[in-house]
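Quick note, the sequence shown lines up with residues 166 to 833 if you use this note's numbering.
Note that beta-carbon positions come from the ideal geometry of N, C-alpha and C, so glycine has one too.
Presented below is the structure to which this report refers.
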Amino acid sequence: MNEEQALHRILALTRELNDHNYRYYVLDRPIISDQQFDKLLTELTGLEHGWPQHTQPDSPTQRIGGQPIEGFESALHASPMLSLGNTYAESDLQDFDQRAQKILGRPTRYLAELKIDGVAISLTYEGGILVRAITRGDGTRGDVVTANIRTIPSLPLKLQGNDWPRKMEVRGEVFIRKPRFGELNRRRQEDGEEAYANPRNFASGSLKLLDTSEVKHRGLDAYFYAWNQEQATQGNQEEMLKKAIEWGFPVCPHHSGAGDLEHILQFIHQWETKRESLDFDIDGIVVKVNRYADREELGHTAKAPRWAIAYKYKTQAASTHLLSVDFQIGRTGAVTPVANLTPVWLGGTTVKRASLYNEGEIERLSLRLNDPVWVEKGGEIIPKITGIDTTSGKRGVRPVVFPKNCPSCDTPLQRIEALHYCLNSRSCPPQQLGLLEHFVSRKVMDLNCVGKETLELLWQQGLVRNPADLYDLQHNALSSLERMGDKSARLILDGLDASRSVPYPRVLFALGIRHVGETVAKNLARHFPSIDLLAQATQSELLSVHDIGEKIAEQVVAWFSAAENLRLVERLRSFGLQFSCELEGEHATSLSQKLKGLSFVLSGVFKRQEREHLKTLIEQHGGRVAASISGKTSYLLAGSDAGPSKLEKARQLKVALLTEEEFEQLIT
Ligand code: IVH
Numbered sequence: 166m167n168e169e170q171a172l173h174r175i176l177a178l179t180r181e182l183n184d185h186n187y188r189y190y191v192l193d194r195p196i197i198s199d200q201q202f203d204k205l206l207t208e209l210t211g212l213e214h215g216w217p218q219h220t221q222p223d224s225p226t227q228r229i230g231g232q233p234i235e236g237f238e239s240a241l242h243a244s245p246m247l248s249l250g251n252t253y254a255e256s257d258l259q260d261f262d263q264r265a266q267k268i269l270g271r272p273t274r275y276l277a278e279l280k281i282d283g284v285a286i287s288l289t290y291e292g293g294i295l296v297r298a299i300t301r302g303d304g305t306r307g308d309v310v311t312a313n314i315r316t317i318p319s320l321p322l323k324l325q326g327n328d329w330p331r332k333m334e335v336r337g338e339v340f341i342r343k344p345r346f347g348e349l350n351r352r353r354q355e356d357g358e359e360a361y362a363n364p365r366n367f368a369s370g371s372l373k374l375l376d377t378s379e380v381k382h383r384g385l386d387a388y389f390y391a392w393n394q395e396q397a398t399q400g401n402q403e404e405m406l407k408k409a410i411e412w413g414f415p416v417c418p419h420h421s422g423a424g425d426l427e428h429i430l431q432f433i434h435q436w437e438t439k440r441e442s443l444d445f446d447i448d449g450i451v452v453k454v455n456r457y458a459d460r461e462e463l464g465h466t467a468k469a470p471r472w473a474i475a476y477k478y479k480t481q482a483a484s485t486h487l488l489s490v491d492f493q494i495g496r497t498g499a500v501t502p503v504a505n506l507t508p509v510w511l512g513g514t515t516v517k518r519a520s521l522y523n524e525g526e527i528e529r530l531s532l533r534l535n536d537p538v539w540v541e542k543g544g545e546i547i548p549k550i551t552g553i554d555t556t557s558g559k560r561g562v563r564p565v566v567f568p569k570n571c572p573s574c575d576t577p578l579q580r581i582e583a584l585h586y587c588l589n590s591r592s593c594p595p596q597q598l599g600l601l602e603h604f605v606s607r608k609v610m611d612l613n614c615v616g617k618e619t620l621e622l623l624w625q626q627g628l629v630r631n632p633a634d635l636y637d638l639q640h641n642a643l644s645s646l647e648r649m650g651d652k653s654a655r656l657i658l659d660g661l662d663a664s665r666s667v668p669y670p671r672v673l674f675a676l677g678i679r680h681v682g683e684t685v686a687k688n689l690a691r692h693f694p695s696i697d698l699l700a701q702a703t704q705s706e707l708l709s710v711h712d713i714g715e716k717i718a719e720q721v722v723a724w725f726s727a728a729e730n731l732r733l734v735e736r737l738r739s740f741g742l743q744f745s746c747e748l749e750g751e752h753a754t755s756l757s758q759k760l761k762g763l764s765f766v767l768s769g770v771f772k773r774q775e776r777e778h779l780k781t782l783i784e785q786h787g788g789r790v791a792a793s794i795s796g797k798t799s800y801l802l803a804g805s806d807a808g809p810s811k812l813e814k815a816r817q818l819k820v821a822l823l824t825e826e827e828f829e830q831l832i833t
């Protein structure tokens with residue numbers, strides 16, 4: 166293929182893939198399978214690699230920058246991002262309507278939209294291309310978070326059609342869907358990390374991350390509901406929403422048609438209960454004057470427009486009593502306090518338990534046993550205690566005390582950041598059982614023949630204490646267990662046999678190292694293709710791996726420094742489990758040993774190669790990549806805008822600076 170043909174194909178693929186994205190994310194009507202989509206995307210990625218100068222700004226491959234940003238710039242909003250007047254009372258809506266009618270001298274019609282509980286964002290498109298995304302900030306000035314916003318797959322990087330204004334600002338809300346949020350939180354807790362508090366904080370925190378690939382992984386979404394046009398004196402909101410969809414914007418599918426206040430109130434009542442069925446959080450309804458000319462006439466106060474008001478739903482809360490607190494130990498030893506409550510009806514279900522997160526939360530609430538408490542259902546499935554119900558004036562007496570020792574094995578607990586841990590992973594029963602359950606689960610070793618009850622039974626009988634013990638099980642010991650016959654025993658042994666072919670990254674995940682979830686395990690296995698290499702890796706070598714931070718590196722080093730863990734690995738290995746893998750793709754090919762013994766740190770933006778590709782090249786030529794400069798660093802490979810602290814450190818430690826071009830000379 167020559168350059169011209171490549172350019173042709175790149176343009177066609179970019180257009181085609183963007184169209185499929187639009188059909189999938191905005192219209193919700195895909196016409197090709199995910200597999201077919203991935204195939205086209207792979208083709209485009211390959212072509213862009215060969216002819217990087219022809220990569221289009223709206224290419225779907227450009228949704229991740231790949232390079233961590235050093236910080237955010239701030240920028241002024243073209244016009245202030247105002248907030249809305251809030252109300253919980255319908256009478257305020259009547260007043261709002263009266264006031265509007267009075268100013269306008271006639272009735273006007275409204276449109277009601279869901280008030281999405283996320284973070285406001287302002288996007289600027291120039292010539293139909295997304296050029297800037299700014300957070301609300303203080304309303305006048307916000308953070309420029311364009312790279313992070315680009316990772317949101319439903320959002321158009323380039324607009325469709327051609328009747329959009331040359332320069333256009335749209336505003337909307339970035340949020341996370343509840344199932345995704347639940348899934349991420351579940352995994353986090355499994356990995357022994359603190360759960361994210363709620364979907365809104367999660368979304369706003371995500372926009373402030375410096376690593377765009379992490380933002381992409383989080384899976385944010387967005388809906389748009391406003392555009393900021395000088396000529397917005399023509400037209401109305403209803404038409405704008407239709408137009409926005411035509412241009413490729415994701416728009417919330419639920420809004421009322423334009424109508425009078427009566428019509429709007431009906432919409433509000435309807436969604437009071439229907440909102441439970443949405444897969445994202447809303448905290449109310451926004452009522453907006455439909456006609457833009459009327460909005461213009463109504464104007465705004467210093468804080469909020471006079472043409473819109475937010476009707477907020479009351480959070481669903483109920484008063485009940487705190488009966489007791491359980492301190493549960495997870496597989497990683499993290500202790501989670503869970504409140505037992507007098508059962509109470511709340512938002513369609515009976516609530517008996519509530520999460521208390523950590524010691525800080527208990528202190529914040531200054532909880533006592535038998536306290537009357539308020540429980541609320543937020544975005545999370547598990548309700549939470551939001552405060553003491555003071556209406557009766559009665560309180561409990563005995564304060565809730567966080568235990569000093571593990572309630573199960575009595576080992577003194579250690580506090581690490583906000584969480585308490587029992588570090589006796591080897592013989593603390595819930596941790597042992599938790600690890601066994603994790604090990605056999607579908608996403609790990611997939612031993613569904615060994616159910617939870619069987620594991621408990623095996624544990625109680627003292628037959629199995631750790632995953633390696635499973636492989637020592639004999640047929641007669643198994644079949645003599647309660648409710649277990651010859652057939653089930655066979656099934657278990659066959660399952661264990663089959664698990665010997667589970668690939669190394671999953672086996673690594675199965676070991677239950679704190680903070681080493683599925684993705685981290687894959688990353689580690691790619692860089693350390695055998696467990697022996699991983700076991701010998703130093704903290705700084707681990708830090709050089711993409712997405713491995715200090716917390717993870719520390720845990721990995723600690724795990725491999727414990728003799729019993731090494732013994733576990735040895736036993737599992739002797740049973741035939743996979744502890745190494747063939748390298749796939751570009752990492753596999755060793756090109757030379759020119760960089761043998763050299764250690765590199767990368768900083769800044771690179772023009773000729775992607776940062777990830779540079780890292781691969783270093784490794785392919787026998788070198789190592791580290792995250793931070795130390796006495797052992799051979800070179801600082803510096804692109805433009807290299808971090809000033811790294812440059813300074815390199816100067817102090819007399820580490821040589823290398824440009825991209827010099828680096829290329831080094832390996833050719
Ligand atoms: S219109 C002048 N429409 O609610 C402000 N806002 O309290 C016009 N929000 O900052 C905003 N869903 O972040 C509008 N359908 C919707 C909305 C919405 C959520 C948020 C937005 C705004 C806040 C106002």
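Classification of residue i by the beta-carbon crowding that lies within 10 angstroms, buried from 16 upward
i, result
"Leu176", "exposed"
"Pro548", "buried"
"Asp444", "exposed"
"Leu241", "exposed"
"His434", "exposed"
"Thr555", "exposed"
"Tyr457", "buried"
"Asp536", "buried"
"Arg365", "buried"
"Pro418", "exposed"
"Val562", "exposed"
"Arg671", "buried"
Near the ligand IVH: residue i beta-carbon under 7 Å from a heavy atom
i, result
"Leu249", "yes"
"Ala475", "yes"
"Arg306", "no"
"Ile314", "no"
"Ser471", "The identity of residue 471 in the sequence shown is Arg, whereas the question assumes Ser. False, no ligand heavy atom lies under 7 Å from that Cβ."
"Ile281", "yes"
"Glu278", "yes"
"Ala368", "no"
"Val451", "yes"
"Arg301", "yes"
"Ala285", "yes"
"Glu338", "yes"
"Ala391", "yes"
Cβ-based neighbour list, residue i, same chain, cut-off 6 Å, excluding 5 preceding and 5 following
i, result
"His585", "Val500 and Leu578"
"Thr480", "Glu541"
"Tyr187", "Gly413"
"Thr289", "Val296, Arg297 and Glu334"
"Leu801", "Val766, Ala815, Val820 and Leu822"
Start and end residues, beta strand (DSSP E) containing residue i
i, result
"Lys549", "Lys549 to Ile553"
"Tyr586", "Leu584 to Tyr586"
"Asp356", "No beta strand (DSSP E) holds Asp356; DSSP gives it neither H nor E."
Alpha-carbon to alpha-carbon, residue j and residue i
i, j, result
"Leu320", "Glu181", "16 Å"
"Val540", "His486", "9 Å"
"Glu358", "Leu673", "18 Å"
"Gly495", "Asp356", "9 Å"
"Ala728", "Ser745", "20 Å"
"Val565", "Leu699", "43 Å"
"Lys517", "Val605", "30 Å"
"Arg174", "Asp328", "26 Å"
"Glu427", "Arg274", "10 Å"
"Ala718", "Gln704", "6 Å"
"Met246", "Lys559", "45 Å"
"Lys759", "Asn570", "54 Å"
Contact set for residue i: own chain, Cβ-Cβ below 8 Å, skip 5 residues either direction
i, result
"Asp712", "Asp376, Ser378, Glu379, Thr684, Val685 and Asn688"
"Ile268", "Glu462, Leu463 and Arg471"
"Val416", "Val191, Tyr388, Phe389, Tyr390, Leu406, Ala409 and Ile410"
Bounding residues of the alpha helix (DSSP H) (the contiguous stretch that carries residue i)
i, result
"Gly215", "Asp199 to Gly215"
"Glu411", "Gln402 to Trp412"
Sequence-distant residues of its chain with Cβ nearer than 7 Å to residue i (five each side left out)
i, result
"Glu208", "Leu178"
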